[in-house]
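Below: one structure, written as structure tokens.
Protein chains: 2
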Amino acid sequence: MAVTIKDIAALAGVSPSTVSRVCNDNPSISKETKEKVRRIMAQLNYEPPVLSNGSANQKTRLIGIILPPSPWLTYENPFYLETIRGISQFCNQRQYAAAVLTGQDEEEILRAVQMLNQGGQLEGIILLYSKTEDHIVDYLCETGLLYVLIGKANQLPGQTICIDNDNLLAGREATDYLYRLGHRKIAYLGCDDMFLFSADRKSGYQLALLQHELPVIPEYCVEIEGKYSTDSPVLHQLLSGKDRPTAVVVSDDILAVTLERTCIQMNLSVPEDLSIISFNNSPFAQFTSFQLTSVDINAFQLGFEAASQLINHVENPNLLATKIIVPHHIVERKSCRNLGQDIL
Amino acid sequence: MAVTIKDIAALAGVSPSTVSRVCNDNPSISKETKEKVRRIMAQLNYEPPVLSNGSANQKTRLIGIILPPSPWLTYENPFYLETIRGISQFCNQRQYAAAVLTGQDEEEILRAVQMLNQGGQLEGIILLYSKTEDHIVDYLCETGLLYVLIGKANQLPGQTICIDNDNLLAGREATDYLYRLGHRKIAYLGCDDMFLFSADRKSGYQLALLQHELPVIPEYCVEIEGKYSTDSPVLHQLLSGKDRPTAVVVSDDILAVTLERTCIQMNLSVPEDLSIISFNNSPFAQFTSFQLTSVDINAFQLGFEAASQLINHVENPNLLATKIIVPHHIVERKSCRNLGQDIL
DNA sequence: GCATTTAGTGCAAAAGTTTGCGGTAAATAT
DNA sequence: ATATTTACCGCAAACTTTTGCACTAAATGC
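As given, the protein sequences belong to chains P and G, one line each in that order. Heads up: the first sequence runs through residues 2 to 345, numbered per my numbering. Heads up: the second sequence runs through residues 2 to 345, numbered per my numbering.
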């Protein structure tokens, strides 16, 4: 049988309560006693069962991680593993455990969350995405379980903790970057507007155009819904015609690669005929043959901060919901051409 | 305060022990009582705290997941997220929780494992990799904590549970595939031999050559250690000279893309001048401009089976260590050229 | 019809830790 | 020197669930 505080207490010549207080670093224990007890603990290799230590302590120190429901956006996207790493890193430092909650579909995930939550075993939840009409968020709001969103809140904004990039600013900066390279015919290509990050990046793009007094042309603002495909008619339409843009801001790397493959089909080359800048700085951004310039959104830190916020709120329930903005930065590679009219 | 079995007991007019036995589906409780109690439980939304339910039950139902220590191989590799999904999926079905254990370096990970293990809070560990000289495996062996390896065992083979692909067979089949396309000058490119999957794939490659009575040339068997780079002299050496191979079996997709980019630098094109087949079928295998043919190793199922094995052994400690082989299959794309001497 | 088995349930102890309260001894104040 | 405060620590109850044992009532065997 494993060693308990009783064993430590017996060896140290103190009571179990004292050992317990030493474990929790209770100030009413003298320095000498603490040291003595800690020595014995180290000797016996004792570690307090910090997660869910019996019924006397209701703290489970367990938090749940939920992946986005749509496989085609998720599982192919290394971004999420980085975020999970960030979450785990912080949790481990603070003696929490972070468990991924999965299922075949949204219903199954919801059931897993319910089971754990109603059993009182979850301190909180981190959602790695944000979308409209989310049953899981509905459930969390109903039951009042603490959660943080990586992304932008749509239910109860102002009362939910969000960790996000400044996607609007990032969209502006990406557009500005192309502008400074001399581009004037700049298009935007995004995924489904249901995903709020794409909507924000688009807004940033539009603001940048206005600022530089460039026209905001609807034909230059394209969205692809559902699974990406190189045969998408909107892509072909965007790239054909006389008024073909010289540069495109693309909402994510996978879509950018899809665009590039469409270019190949149409005998256009990147960056000679078309400059591309996109978001996420996915690992394959550097592996594609055309070396994608991409906005790094610091996925690791996104996860790290999310865990930090969640745990802060777990331990200080009176805290108000905050919004955290994680910085981004452009990683320059070779997918954007300098048109030689550089202003700087 | 949350609802407990006492509340259920009071409402159902039975004792708490009866409720507890109902939760555990104890056969000595009558059908009628079970139904009555279950009705009340459903009514009060009661879920038994299945993970670590107090000190009366030592089962924590928590397992740890450990990522490979080398970031350059790991975090860029979507393979691992798929595996984690597989693990989580199975764990959730069986009411277990799976937590990723991370740290800045191997030491920090080890400390996290120690903390949880010595606190008696881990049922077992799943390692998402296998390598030689692994301090974490050393520790697990010492303390006797149950673990399963995704990959091949090197410490105590025969006593450790492994989930793996038949990498030797996969290596043979990849090589055979090139042979059938008419290739006779086939090279192998792998990563550090420390990672056993690469060593096995190489052996399979060599066996296939022997079977087809092709010479096994050392110059055709190249390994890259450390971080991949397109400037690697071994890559340049492999691709230059008169006896340049017409096809290469590459140990993983990322390395394959690195190879392709080296080709571009050297004015060779894929698959016209060089055919490439590699492993993992990473998502970006389909996004690269040359559409990589790759061996899919079913990462999700690898994780799923690993969790299944671990939990089986947790619940039946007398089980012997098994090895599980998860099948693979070649996903044909466009990176391999048919030389026209196809035998079939 | 009586003795014995069986099924079903409750009682109470046990698990390991936390925490309010009370107590002792030392330190300080008067 | 006595009274009061302070620092430190132990006692015991509490948390929720599990489980061995005992008990009752019904069912079976003779």
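Yeah, the Cβ is synthetic: ideal placement off N, Cα and C, and Gly gets one too. A quick note: this is a predicted structure, and the numbers were derived from the prediction, not measured.
Could you tell me the distance, in whole angstroms, from the CA atom of G:Leu345 to the CA atom of P:Asn118?
Within the second sequence, residue 345 of chain G is the residue found at index 344, counting from 1. Within the first sequence, residue 118 of chain P is the residue found at index 117, counting from 1. Here G:Leu345 scores only 49 on pLDDT, less than 50, and its place in the model should not be relied on; the value that follows carries that caveat. Those two C-alpha atoms are separated by around 59 Å.
How far does the alpha helix (DSSP H) with G:Ser56 in it extend, from its first residue to its last?
Translated into positions along the second sequence, residue 56 of chain G becomes position 55. Segment: none, G:Ser56 is in no alpha helix (DSSP H) and carries neither H nor E.
Euclidean distance between Cα positions of P:Arg86 and P:Glu107
For the purposes of this step, residue 86 of chain P is taken as residue 85 along the first sequence, with counting starting at 1. For the purposes of this step, residue 107 of chain P is taken as residue 106 along the first sequence, with counting starting at 1. Computed Cα separation, rounded: 23 Å.
For G:Gln90, would you say it is in contact with chain P, using Cβ-to-Cβ distances shorter than 9 Å as the test?
Position 89 of the second sequence, counting from 1, holds the residue named residue 90 of chain G. With 9 Å as the cut-off, G:Gln90 counts as an interface residue toward chain P.
So, is G:Thr294 buried or exposed, given that buried needs 16 or more other C-beta atoms within 10 angstroms?
Sequence index remark: in the second sequence, residue 294 of chain G carries index 293 (1-based). Buried, because 16 or more other Cβ atoms sit within 10 Å of the Cβ of G:Thr294.
Beta-carbon within less than 8 Å of P:Asn313's beta-carbon, same chain only, minus the 5 sequence neighbours each way: which residues are those?
The residue you call residue 313 of chain P lines up with position 312 of the first sequence. Result list for P:Asn313: Leu320, in chain order.
Tell me the DSSP secondary structure of G:Asp1 in three-state form.
Nothing can be reported for residue 1 of chain G, as the shown portion of chain G is limited to 2 through 345.
Between the Cα of P:Asn299 and the Cα atoms of P:Tyr81, P:Asn27, P:Arg22 and P:Thr19, which residue gives the shortest distance?
In the first sequence, residue 299 of chain P corresponds to position 298, counting from 1. Per the C-alpha coordinates, the member of P:Tyr81, P:Asn27, P:Arg22 and P:Thr19 positioned closest to P:Asn299 is P:Tyr81.
Look at the alpha carbon of G:Asp346 and the alpha carbon of G:Asn281, and state the distance between them as a whole number of angstroms.
Past the edges of chain G, shown from 2 to 345, lies residue 346 of chain G, and the structure says nothing about it.
Three-state secondary structure (DSSP) of G:Asn93
Here residue 93 of chain G refers to the residue found at position 92 when the second sequence is read from its first residue. Here G:Asn93 sits in helix by DSSP.
List the residues of chain P whose Cβ lies closer than 8 Å to the Cβ of G:Ala46, in chain order.
Position 45 of the second sequence, counted from the first residue, corresponds to residue 46 of chain G. Correcting the residue type first, residue 46 of chain G is Asn in the shown sequence and not Ala. Near G:Asn46 (Cβ distances below 8 Å), the residues of chain P are Gln119.
CA-to-CA distance, P:Thr103 to G:Arg39, given in whole angstroms
Taking the first residue of the second sequence as 1, we reach residue 39 of chain G at position 38. Taking the first residue of the first sequence as 1, we reach residue 103 of chain P at position 102. Their Cα atoms are separated by approximately 26 Å.
Buried or exposed by the 16-neighbour rule on C-beta atoms within 10 Å, applied to P:Ile361
The requested residue 361 of chain P does not occur in the structure, where chain P is confined to residues 2 to 345.
Skipping 5 residues on each side, what residues in its chain have a beta carbon closer than 7 Å to that of G:Val51?
Within the second sequence, the letter at position 50 stands for residue 51 of chain G. Closer than 7 Å at the Cβ level, and outside the excluded window around G:Val51, lie Arg62 and Gln96.
Hey, P:Val348 and P:Ile164 are a contact pair by Cβ (cut 8 Å); roughly how many whole angstroms apart?
Any property of residue 348 of chain P remains undetermined from this structure, which presents chain P solely from 2 to 345.
Exposure of P:Pro328, with buried meaning 16 or more beta-carbon neighbours within 10 Å
Stepping through the first sequence from its first residue, residue 328 of chain P is reached at position 327. When all chains shown are included, P:Pro328 counts as exposed.
Should G:Asp135 go down as buried or exposed, given a rule of 16 or more other Cβ atoms within 10 Å for buried?
Taking the first residue of the second sequence as position 1, residue 135 of chain G is located at position 134. With a 10 Å radius around the Cβ and a threshold of 16 neighbouring Cβ atoms, G:Asp135 comes out buried.
Take G:Asp343 and list the residues in its own chain whose beta-carbon comes closer than 8 Å to its own, dropping the five residues that flank it on each side.
In the second sequence, counting from the first residue as 1, residue 343 of chain G sits at position 342. For G:Asp343, the pLDDT reaches just 47, beneath the cut-off of 50, and the residue's location in the model is therefore unreliable, leaving the point undetermined.
Segment limits, alpha helix (DSSP H) that includes P:His237
Walking along the first sequence from the start, residue 237 of chain P turns up at place 236. Per DSSP, P:His237 belongs to the alpha helix (DSSP H) from Pro234 to Leu240.
Roughly how many angstroms separate the alpha carbons of P:Leu260 and P:Glu124, rounded to a whole number?
In the first sequence, the residue the question calls residue 260 of chain P occupies position 259. In the first sequence, the residue the question calls residue 124 of chain P occupies position 123. Going from the Cα of P:Leu260 to the Cα of P:Glu124 covers about 42 Å.
Flag P:Ser53 as yes if its beta-carbon sits less than 9 Å from any beta-carbon of chain G, otherwise no.
Numbered from 1 along the first sequence, position 52 holds the residue referred to as residue 53 of chain P. Yes - at least one Cβ of chain G is within 9 Å of the one on P:Ser53.
Measuring only between beta-carbons, confirm whether P:Ile344 sits less than 9 Å from chain G.
As a first step, residue 344 of chain P must be located in the first sequence, where it is residue number 343. Note that P:Ile344 scores 49 on pLDDT, short of 50, meaning its location in the model is unreliable; the coordinates nonetheless yield the value given after this. Judged by the 9 Å Cβ criterion, P:Ile344 is not in contact with chain G.
Closer than 9 Å to chain P by CB, G:Glu124:
In the second sequence, the residue the question calls residue 124 of chain G occupies position 123. Chain P contact via Cβ: absent.
Could you check how far apart the C-beta atoms of G:Ser336 and G:Gln292 are, in whole angstroms? I think they sit under 8 Å.
Within the second sequence, the letter at position 335 stands for residue 336 of chain G. Within the second sequence, the letter at position 291 stands for residue 292 of chain G. About 6 Å separates the two Cβ atoms, so the contact holds.
Check whether chain P comes within 9 Å of G:Arg262, counting only Cβ atoms and requiring the distance to be less than that.
For the purposes of this step, residue 262 of chain G is taken as residue 261 along the second sequence, with counting starting at 1. Judged by the 9 Å Cβ criterion, G:Arg262 is in contact with chain P.
Could you have a look at G:Val114 and say whether DSSP puts it in helix, strand or coil?
The residue given as residue 114 of chain G occupies position 113 in the second sequence. Here G:Val114 sits in helix by DSSP.
Top-ranked residue by Cα proximity to P:Arg112, from G:Asn46, G:Met116 and G:Ala57:
Residue 112 of chain P sits at position 111 when you count from the first residue of the first sequence. Comparing Cα-Cα distances from P:Arg112 to each of G:Asn46, G:Met116 and G:Ala57, the minimum goes to G:Asn46.
Cβ shell of P:Thr161 (< 8 Å), same chain only, five flanking positions each side left out:
Position 160 of the first sequence, counted from the start, is the residue given in the question as residue 161 of chain P. Taken in chain order, the residues that qualify are Tyr148, Val149, Leu150, Ala154 and Ala322.
I'd like to confirm the pairing. Which residues does DSSP put opposite G:Ser276 in its beta bridges?
Here residue 276 of chain G refers to the residue found at position 275 when the second sequence is read from its first residue. Note: G:Ser276 sits in a beta bridge opposite G:Ala248.
I think G:Gln207 touches G:Val223, with their Cβ atoms under 8 Å apart; what is that distance to the nearest whole Å?
Counting from 1 along the second sequence, the entry for residue 207 of chain G is found at position 206. Counting from 1 along the second sequence, the entry for residue 223 of chain G is found at position 222. The Cβ separation is near 13 Å, so there is no contact.
In whole angstroms, give me the CA-to-CA distance for G:Ser279 and G:Ile64.
Start at 1 with the first residue of the second sequence, and residue 279 of chain G comes out as number 278. Start at 1 with the first residue of the second sequence, and residue 64 of chain G comes out as number 63. Their Cα atoms are separated by approximately 32 Å.
Extent of the continuous alpha helix (DSSP H) run through P:Val327:
On the first sequence, position 326 is the one that residue 327 of chain P refers to. That residue, P:Val327, is in no alpha helix (DSSP H); its beta strand (DSSP E) goes Lys324 to Val327.
Return the Cβ separation of P:Ile331 and P:Glu174 in integer angstroms, given the expectation that the two are a contact with Cβ distance under 8 Å.
Within the first sequence, the letter at position 330 stands for residue 331 of chain P. Within the first sequence, the letter at position 173 stands for residue 174 of chain P. Going by Cβ atoms, the distance from P:Ile331 to P:Glu174 rounds to 7 Å, so yes, they are a contact pair.
Cβ-Cβ distance between P:Gly55 and G:Ser21 below 9 Å
Here the question's residue 55 of chain P lines up with position 54 in the first sequence. Here the question's residue 21 of chain G lines up with position 20 in the second sequence. Not a contact, by the Cβ cut-off of 9 Å.
Use the C-beta contact count for G:Pro318: other C-beta atoms within 10 angstroms, 16 or more gives buried, fewer gives exposed.
As a position in the second sequence, residue 318 of chain G is number 317, starting the count at 1. The residue is exposed, with fewer than 16 neighbouring Cβ atoms inside 10 Å.
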